[in-house]
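Just so we're aligned, residue 2 is where the sequence shown starts under the working numbering, counting upward by one.
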Amino acid sequence: MKPLDFSHLSLRDLVSLDACTRCGECIPVCPIVGAGEDHATAFVKIDQLQREWRRQDGGMLGPLGRLLGRGRRVDPQDMAAASYDCTLCGHCAQVCPVHIDTHHLWLSQRRQLAAADLAPGNLQATAATVARTGNIGGRPAEDRMAWLANVDATGDLAPRGADVLLFVGCLSSLYPQAFALPRALLTLLQGLGLRVGVLGPEEVCCGFPLYIGGRADEAVALARRNVEAIRASGAPLVVTSCPSCYQTLRHWYPDWLGEPLGPRVVHAVELLAERADGLRPAARPLRVTYHDPCDLGRRQGIYELPRDLLRRVPGLELVEMAANRENALCCGGGGDVEMARPELAQAMADRRFAQALETGAEAIVTACPQCTRALNAAARRARRRVPTYDLAEMLTAPPEH
């Protein structure tokens, strides 16, 4: 086992370790606590990092810090468990009174752990799969077009010359249970008169699962492949329905590559909201509740746009869960936790699904394929006929219910 290298943490990260007041505000909002565990809260992770940093280098206190940290070695396996059992939901940062950017800190820590070969085995296997095939499922590149089977699309969907490039993402393009999402979005965009293109086999994983797992170099390599294909299309606009892909393409690619991507990147919710007057959603007498995805809500601040779009659906009644918007509970689908500890991810999803049931909603709506997947799995475990749909599905023809 390699020693932990604190050079993976920026000066901002290291200052954050001493800035933490140990107030405990982050503990009750952590989804892992709601799932019955407490080893991966922000409080625990910061304490572990600071203790090990002081033991090795003295921290901000120099020799005094080494003296204070003597004999208090933290088990690296405990640090890895705490780090990789975190969904990166961002709720701890939301409530932090000293505004510590915990998301940045956790990503830095995961790079540190991955460099020391402490990343979970399942995550390492996934990284190898993505490096070999370009997607998280280990599927042939041609399978990225499978979601288009039996779809009555207008035009050939060639990327070159398109008004908007649809970046479908691994989950929506490779897993049949998610095919309804890109199909609905394609229908909406073409109904708005837009010429839509897709990269198809040229699209590879955006790099998000590898980057948040601590494998930045592999993520950047994927980014270069996507950027080349996106720029070659000449499309002025890229849209995706996946908040993780959105975060990566819009914010991280420019940082990783040191230059703008070129075309504007938007989430599907943003594009549909911009062109809402052109939408003609079918009447739908249904009571629904909206689940805020962590990467779209707390990370991007997009809370009202999806709700405004839902209010345009005739007959639809929107009811809120007790925890909504910036206080929404995580569904457990983020942070690579499903790879590291699937049973923990399921416990978080079950808790969120139970809260949705309390509203009396007949269906759940969200704007993330992974959240949709996690909550539908929770419904099956609970044996309840309360499905989760993507927002795009609510704006097209009514699904069977």
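The C-beta atom is built at its ideal place from N, Cα and C for all residues, glycine as well. If you're wondering where the values come from, they're calculated on a predicted model, not measured in any experiment.
Which residues in the same chain have their Cβ closer than 8 Å to the Cβ of Gln49, if we skip the five residues on either side of it in sequence? Here residue 49 corresponds to residue number 48 of the sequence shown, with the count starting at 1. Here the set comprises Val75, Asp79, Met80 and Ala83.
Taking the straight line between their C-alpha atoms, what separation do you get for Ala36 and Ala43? As a working note, residue 36 is residue 35 in the sequence shown. As a working note, residue 43 is residue 42 in the sequence shown. Rounded to whole angstroms, Ala36 to Ala43 spans 15 Å at the Cα level.
Pick from Ala346, Arg300, Gln110 and Val314: whose alpha carbon is nearest that of Leu10? As a first step, residue 10 must be located in the sequence shown, where it is residue number 9. Closest option to Leu10, Cα to Cα, is Gln110.
Within a Cβ cutoff of 7 Å, which residues of the same chain sit near Asn325, ignoring the five residues on either side of it in sequence? Translated into positions along the sequence shown, residue 325 becomes position 324. Within the same chain, Asn325 has close Cβ partners Asp293.
Going by Cα to Cα distance, which pick from Cys243, Leu18, Pro177 and Tyr212 is closest to Trp253? By one-based count along the sequence shown, residue 253 stands at place 252. Of the candidates Cys243, Leu18, Pro177 and Tyr212, the one whose C-alpha sits nearest the C-alpha of Trp253 is Tyr212.
Own chain partners of Gly298 with C-beta closer than 7 Å, once the 5 adjacent residues on each side are dropped: Position 297 of the sequence shown, counted from the start, is the residue given in the question as residue 298. Cβ neighbours of Gly298 beyond the five flanking positions: Tyr304, Arg326, Glu327 and Ala329.
Return the chain-ordered list of same chain residues with a C-beta closer than 7 Å to the C-beta of Leu89, the five sequence neighbours on each side being excluded. Along the sequence shown, read from residue 1 onward, the residue named residue 89 stands at position 88. Result list for Leu89: His104, Trp107, Ile213, Gly335 and Gly336, in chain order.
So, is Ser245 buried or exposed, given that buried needs 16 or more other C-beta atoms within 10 angstroms? Counted from its first residue, the sequence shown places residue 245 at position 244. It counts as buried.
To the nearest angstrom, how far is it from the Cα of Leu65 to the Cα of Gln113? Taking the sequence shown and counting its residues from 1, one reaches residue 65 at position 64. Taking the sequence shown and counting its residues from 1, one reaches residue 113 at position 112. Legend: pLDDT at Leu65 = 48, less than 50; position of this residue unreliable, value from coordinates given subsequently. If you take the alpha carbons of Leu65 and Gln113, they lie about 24 Å apart.
If you measure between the beta carbons of Ala393 and Leu149, is that distance less than 8 Å? The residue given as residue 393 occupies position 392 in the sequence shown. The residue given as residue 149 occupies position 148 in the sequence shown. Not closer than 8 Å, so no.
Just grab the DSSP bridge partners of Gly198 for me. Counted from its first residue, the sequence shown places residue 198 at position 197. Answer by DSSP bridge pairing, in chain order: Leu166.
Using 8 Å as the threshold, is the C-beta distance between Leu182 and Pro388 below it? By one-based count along the sequence shown, residue 182 stands at place 181. By one-based count along the sequence shown, residue 388 stands at place 387. No. Outside cutoff.
Would you say Arg265 lies against chain D (beta-carbon separation less than 8 Å)? You won't find chain D in this structure, because it holds only one protein chain.
Leu319 versus Ala284 - alpha carbon distance: On the sequence shown, residue 319 is found 318 positions in, with the first residue counted as 1. On the sequence shown, residue 284 is found 283 positions in, with the first residue counted as 1. Each residue's Cα considered, the two are about 14 Å apart.
Does Ala159 come out as helix, strand or coil in the three-state DSSP assignment? Translated into the one-based positions of the sequence shown, residue 159 becomes position 158. Residue state, collapsed to three classes: coil.
Range covered by the beta strand (DSSP E) that runs through Ala364: As a working note, residue 364 is residue 363 in the sequence shown. Looking at the DSSP string, the run of the beta strand (DSSP E) that includes Ala364 is Ala364 to Thr367.
Does DSSP put His252 in a helix, in a strand, or in coil? Residue 252 sits at position 251 when you count from the first residue of the sequence shown. Helix.
Rounded to the nearest angstrom, what separates Tyr291 and Leu311 at their Cα positions? Sequence index remark: in the sequence shown, residue 291 carries index 290 (1-based). Sequence index remark: in the sequence shown, residue 311 carries index 310 (1-based). Cα to Cα, the separation comes out at about 9 Å.
Entirely enclosed alpha helix (DSSP H) segments - the region 239 to 283, minimum 4 residues: 244 to 248, 254 to 258 and 269 to 275
Output needed for Ala346: all residues of its chain with C-beta closer than 8 Å, excluding positions within five of it in sequence on either side, in chain order. By one-based count along the sequence shown, residue 346 stands at place 345. Thr88, Gly333, Gly334, Val338, Glu339 and Ala375.
Can you tell me which of the three DSSP states Thr397 falls into? Looking up residue 397 in the sequence shown gives position 396. It is coil, neither helix nor strand.
Under the three-state reduction of DSSP, which class applies to Thr188: helix, strand or coil? To locate residue 188, count along the sequence shown from 1; it is residue 187. Three-state DSSP puts Thr188 in a helix.
Please list the terminal residues of the continuous beta strand (DSSP E) segment that includes Thr389. Sequence index remark: in the sequence shown, residue 389 carries index 388 (1-based). Note, Thr389: beta strand (DSSP E), Thr389 to Asp391.
Best match in Arg216, Ala179 and Ser174 for proximity to Leu200 [C-alpha to C-alpha]: What you label residue 200 is simply residue 199 of the sequence shown in a count that begins at 1. For Leu200, the nearest C-alpha among the options comes from Ser174.
Euclidean distance between Cα positions of Val165 and Thr367: By 1-based counting over the sequence shown, the position of residue 165 is 164. By 1-based counting over the sequence shown, the position of residue 367 is 366. Their Cα atoms are separated by approximately 23 Å.
Pull up the DSSP beta-bridge partners for Leu319, would you. Here residue 319 corresponds to residue number 318 of the sequence shown, with the count starting at 1. Note: Leu319 sits in a beta bridge opposite Val289.
Does DSSP classify Arg359 as helix, strand or coil? Numbered from its first residue, the sequence shown carries residue 359 at position 358. In the sequence as displayed, the identity of residue 359 is Glu instead of Arg. Note: Glu359 maps to coil in three-state DSSP.
Residue closest to Arg52, alpha-carbon to alpha-carbon, out of Asp86, Leu5 and Tyr247: Position 51 of the sequence shown, counting from 1, holds the residue named residue 52. Answer by Cα proximity: Leu5.
Applying the 10 Å Cβ sphere with the 16-neighbour rule, what's the burial state of His40? Locating residue 40 in the sequence shown gives position 39, counting from the first residue. Label assigned to His40: exposed.
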